[in-house]
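Taking it in order: structure first as structure tokens, then the write-up.
In the numbering used here, the protein residues as written are 1278 to 1610.
Given below as structure tokens:
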């Protein structure tokens, strides 16, 4: 069999290992949060971990910087932790005041998913994780019922992720998916890596990284040359914490954000079929500042729950299911 898949442990945590021995690739995914913790690629005599994930069981518990977080039922931020849906106001942090109010990255980062499938054959290695943790009464301000399944596939191209969200409640629900991976390309400094984001628009935000209201959020890329990566170029010393929209698809329908180390020739392409791409150069993380870059494919915008221009994209009717696909293609020299 060309591919292998197995269950093992990292401390108290169950993990799944997907292995492609022919191409020298191995992926480890934790049951906690359905979180990727490593993405290894052998190149010559050297092994590279392209994922700057959690290093041990303790980090899986504390979740610093939300590394490789599955973000659902919303991605990134909700302004003031409040939103209105179908005329009803909701507060995700009742009783919390002032600067302590913050709603980020959804509800499932600390959830132990159920591992429902682990398999391998001649074409791929696969693992599926599911949770019914998003239920009325469990999370303040979110009285909706969403079943979430996250499936990973390691094949000849790299690692693919499919998220399926199903509304199992009796009322329409706001929900959308995002992924929060951090990537690195060996020991070379991030400023030497080349980044390409095929986007014609930059989402303009306030100081708290909340998109500006209405049309003010739609920034022309030509007006922000320092953040324009439509042509591949070095990151250098630029600080990036921005969402890129109006993404250009390749001929196969996928949008590819590319990261490459010119020293080794090793690169990745983070792909998605829709949504926005948020890039973050990890200038404010608690571990290894600027040691990696987060390239986050998201189905919709930060604060989408409060944006009329995102209302159709995030609405899920009772009994309906929606999928979001993204992944990482590994590009060898």
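Beta carbons: idealized from backbone N, C-alpha and C, even for Gly. All values derive from a computational prediction rather than experimental measurement.
Alpha-carbon spacing of residue 1354 relative to residue 1502, whole angstroms
As a first step, residue 1354 must be located in the chain shown, where it is residue number 77. As a first step, residue 1502 must be located in the chain shown, where it is residue number 225. Approximately 26 Å between the Cα atoms of the pair.
Compute the distance between the beta-carbons of residue 1329 and residue 1568, then report whether it is under 8 Å.
Residue numbering aside, residue 1329 sits at position 52 when the chain shown is read from its first letter. Residue numbering aside, residue 1568 sits at position 291 when the chain shown is read from its first letter. It is a contact, given that the beta carbons lie within the stated cut-off.
Beta carbon of residue 1519 nearer than 8 Å to that of residue 1480:
For the purposes of this step, residue 1519 is taken as the residue at position 242 of the chain shown. For the purposes of this step, residue 1480 is taken as the residue at position 203 of the chain shown. Contact: yes.
Residue closest to residue 1347, alpha-carbon to alpha-carbon, out of 1575, 1316, 1303:
For this step, residue 1347 is matched to residue 70 along the chain shown. Residue 1575 is the option with its Cα nearest to residue 1347.
Limits of the beta strand (DSSP E) - the one that residue 1287 falls within
Counting from one through the chain shown, the residue named residue 1287 turns up at place 10. Where residue 1287 is concerned, the enclosing beta strand (DSSP E) stretches over 1281 to 1287.
Expressed to the nearest angstrom, what Euclidean distance is found between the alpha-carbon atoms of residue 1504 and residue 1548?
Locating residue 1504 in the chain shown gives position 227, where the first residue counts as 1. Locating residue 1548 in the chain shown gives position 271, where the first residue counts as 1. Spanning the two alpha carbons is a distance of roughly 20 Å.
In the DSSP assignment, the beta strand (DSSP E) including residue 1425 goes from what residue to what residue?
Locating residue 1425 in the chain shown gives position 148, where the first residue counts as 1. Run containing residue 1425: 1423 to 1431, per the beta strand (DSSP E) assignment.
Does the stretch 1585 to 1596 come within contact of the stretch 1449 to 1466, defined as at least 3 CB pairs closer than 8 Å?
yes
Give the DSSP-derived three-state secondary structure of residue 1611 in the structure shown.
Residue 1611 is absent from the structure shown; the chain starts at 1278 and stops at 1610.
Does the beta-carbon of residue 1530 have 16 or more other beta-carbons within 10 angstroms, so that it is buried, or is it exposed?
Numbered from 1 along the chain shown, position 253 holds the residue referred to as residue 1530. Flag for residue 1530 reads exposed.
Among 1557, 1282, 1439, whose alpha-carbon lies nearest the alpha-carbon of residue 1397?
The residue labelled residue 1397 in the question sits at position 120 within the chain shown. It is 1282 whose Cα lies nearest to the Cα of residue 1397.
For the stretch 1434 to 1502, which segments carrying the beta strand (DSSP E) assignment without a break, of at least 3 residues, lie completely within its bounds, in sequence order?
1435 to 1444, 1455 to 1457, 1471 to 1473, 1476 to 1480, 1495 to 1497
For residue 1377, name the three-state secondary structure that DSSP assigns.
Translated into positions along the chain shown, residue 1377 becomes position 100. The answer is helix: DSSP assigns residue 1377 an H, G or I state.
Check each candidate in 1409, 1427, 1432 and name the one with the smallest Cα separation from residue 1421.
Mapped onto the chain shown, residue 1421 falls at position 144. Nearest C-alpha to residue 1421: 1409.
With a threshold of 16 other CB atoms inside 10 Å of the CB of residue 1391, please say whether the residue is buried or exposed.
Indexing the chain shown from 1 puts residue 1391 at position 114. That one is exposed.
Would you mind giving the Cβ-Cβ distance between residue 1399 and residue 1278, rounded to the nearest angstrom? I have them listed as a contact below 8 Å.
Residue mapping note: residue 1399 aligns to position 122 of the chain shown, counting from 1. Residue mapping note: residue 1278 aligns to position 1 of the chain shown, counting from 1. Right, their Cβ atoms sit about 6 Å apart.
Using the Cβ count rule (16 or more neighbours within 10 Å means buried), how would you classify residue 1609?
What you label residue 1609 is simply residue 332 of the chain shown in a count that begins at 1. Per the 10 Å Cβ criterion, exposed.
For residue 1290, the residue or residues it bridges with in DSSP:
In the chain shown, the residue the question calls residue 1290 occupies position 13. Per DSSP, 1287.
Are residue 1403 and residue 1598 closer than 8 Å when you measure CB to CB?
By 1-based counting over the chain shown, the position of residue 1403 is 126. By 1-based counting over the chain shown, the position of residue 1598 is 321. Cβ atoms of residue 1403 and residue 1598: not closer than 8 Å.
Between the stretch 1317 to 1332 and the stretch 1456 to 1464, do at least 3 Cβ pairs fall closer than 8 Å?
yes
DSSP state of residue 1606, grouped into three classes?
As a first step, residue 1606 must be located in the chain shown, where it is residue number 329. Reduced to three states, the DSSP call for residue 1606 is strand.
Please name the residue or residues paired with residue 1306 in a DSSP beta bridge.
For the purposes of this step, residue 1306 is taken as residue 29 along the chain shown, with counting starting at 1. Paired residue(s): 1293, 1313.
Which value, in whole angstroms, describes the spacing of the CA atoms of residue 1521 and residue 1288?
Here residue 1521 corresponds to residue number 244 of the chain shown, with the count starting at 1. Here residue 1288 corresponds to residue number 11 of the chain shown, with the count starting at 1. Taking the straight line from one Cα to the other gives about 38 Å.
For the alpha helix (DSSP H) that residue 1589 lies in, which residues bound it at each end?
As a working note, residue 1589 is residue 312 in the chain shown. 1588 to 1591 is the extent of the alpha helix (DSSP H) around residue 1589.
Below 6 Å CB to CB, which residues in the same chain sit around residue 1246 once its five sequence neighbours on both sides are set aside?
No answer is possible for residue 1246: it lies beyond the span of the chain, which begins at 1278 and ends at 1610.
Thinking just about the alpha-carbon of each residue, which of 1470, 1556, 1308 is nearest to the one in residue 1543?
Along the chain shown, read from residue 1 onward, the residue named residue 1543 stands at position 266. Taking only the C-alpha atoms, the option nearest residue 1543 is 1470.
Identify the continuous alpha helix (DSSP H) that holds residue 1555 and give its terminal residues.
Within the chain shown, residue 1555 is the residue found at index 278, counting from 1. No alpha helix (DSSP H) holds residue 1555; the beta strand (DSSP E) holding it covers 1553 to 1557.
Using the C-alpha atoms, what's the distance from residue 1417 back to residue 1372?
As a working mapping, residue 1372 is identified with position 95 in the chain shown. As a working mapping, residue 1417 is identified with position 140 in the chain shown. One C-alpha to the other measures close to 11 Å.
If we ignore side chains and look at the alpha-carbon of each, how far apart do residue 1524 and residue 1383 end up?
Counting from one through the chain shown, the residue named residue 1524 turns up at place 247. Counting from one through the chain shown, the residue named residue 1383 turns up at place 106. In a straight line, the C-alpha of residue 1524 is about 24 Å away from that of residue 1383.
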